[in-house]
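Structure record follows, encoded as structure tokens.
In the working numbering, the protein residues as written are 220 to 455.
In structure tokens:
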């Protein structure tokens, strides 16, 4: 991880650009404090004066609160998030980078809407790219945990997880992270969690690290070192 941080920092920090990280989703995003691991990791790679982190999340919300799939019109949580971004950074510069970090889907699985989730997520991402005018936006998706795999909505839970994987794997600018091991152990006030809907205290710290690590990896792959661009490897 240290090698990755140093290599990525050499590539990205030299530009002097702002690196905007937009975090959104429902309860597991709301409970993750980016100041504990996510932001410090990024600042260590990119420089504290270059990292802008904006989070807007709300528990128990289905994806339709961000986007209406039938009309492709934004919902109230999307509009709130977009306004927060615009208030914080104003107009994006051409050399700024934008990363969208998404941790949501449990509510849709519980409501039996697993089969609609992939289309809804694609529409949401397309809308955000359009409104920010950034087709090069990087996306990191937190795949919902294994909490509901044995529950009454297990089929929808699996459908949401599979949809998140497909969306992430359909683009070189996207990736997903695993959260299946973050919901077992010590939770708030010493409570013991086992396959819980929410994550442990350590799980949220690890969640932040995984999001940041994937974001840096994607940016590095999209912006390889100059010598790699100048001297591509040719395979016979």
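Beta carbons: idealized from backbone N, C-alpha and C, even for Gly.
Quick caveat, the model's predicted, so the values are computed rather than measured.
Sub-9 Å separation of residue i and residue j beta-carbons
i, j, result
"residue 296", "residue 351", "no"
"residue 382", "residue 324", "yes"
"residue 386", "residue 433", "no"
"residue 246", "residue 300", "no"
"residue 356", "residue 318", "yes"
"residue 396", "residue 429", "yes"
"residue 362", "residue 388", "no"
"residue 332", "residue 253", "no"
"residue 437", "residue 392", "yes"
"residue 380", "residue 339", "no"
Proximal residues to residue i (C-beta, below 7 Å), its chain only, five neighbours per side dropped
i, result
"residue 365", "399, 414"
"residue 401", "364, 418, 419, 422, 425, 426"
"residue 228", "The pLDDT assigned to residue 228 is 45, lower than 50, so where the model puts this residue is not dependable; a value taken from the coordinates is nonetheless given after this. 264, 265, listed in sequence order."
"residue 412", "402, 403, 404, 406, 419"
Residue i, enclosing alpha helix (DSSP H) - first and last residue
i, result
"residue 303", "295–308"
"residue 256", "Neither: residue 256 is in no alpha helix (DSSP H) and is coded neither H nor E."
"residue 373", "373–388"
"residue 246", "246–249"
"residue 329", "325–329"
Start-to-end residues for the beta strand (DSSP E) that takes in residue i
i, result
"residue 274", "270–276"
"residue 194", "A question about residue 194 goes unanswered here, because the residues of the chain that appear run from 220 up to 455."
Close-in-space but distant-in-sequence residues of the same chain around residue i (CB under 8 Å, 5 per side omitted)
i, result
"residue 334", "375, 378"
"residue 303", "273, 275"
"residue 346", "286, 291, 293, 297"
Closest by C-alpha distance to residue i, when choosing among the options
i, options, result
"residue 354", "360, 390, 362", "390"
"residue 367", "330, 384, 294, 392", "330"
"residue 328", "411, 259, 416", "416"
"residue 258", "349, 407, 240", "240"
"residue 435", "262, 248, 255, 250", "262"
"residue 394", "306, 249, 322, 260", "322"
Cβ-based neighbour list, residue i, same chain, cut-off 6 Å, excluding 5 preceding and 5 following
i, result
"residue 238", "265, 269, 270, 316"
"residue 320", "242, 359, 430"
"residue 336", "327, 379, 382"
For the segment 395–422, list the alpha helix (DSSP H) runs that are entirely contained and at least 4 residues long, ordered along the chain.
Taking 4 residues as the shortest admissible run, the segment 395–422 contains no complete alpha helix (DSSP H) segment at all.
Please give me, in chain order, every unbroken run of the beta strand (DSSP E) with length at least 3 that falls completely inside the segment 343–371.
Under the rule that a run must span 3 or more residues, the beta strand (DSSP E) segments found entirely inside the segment 343–371 read 357–361.
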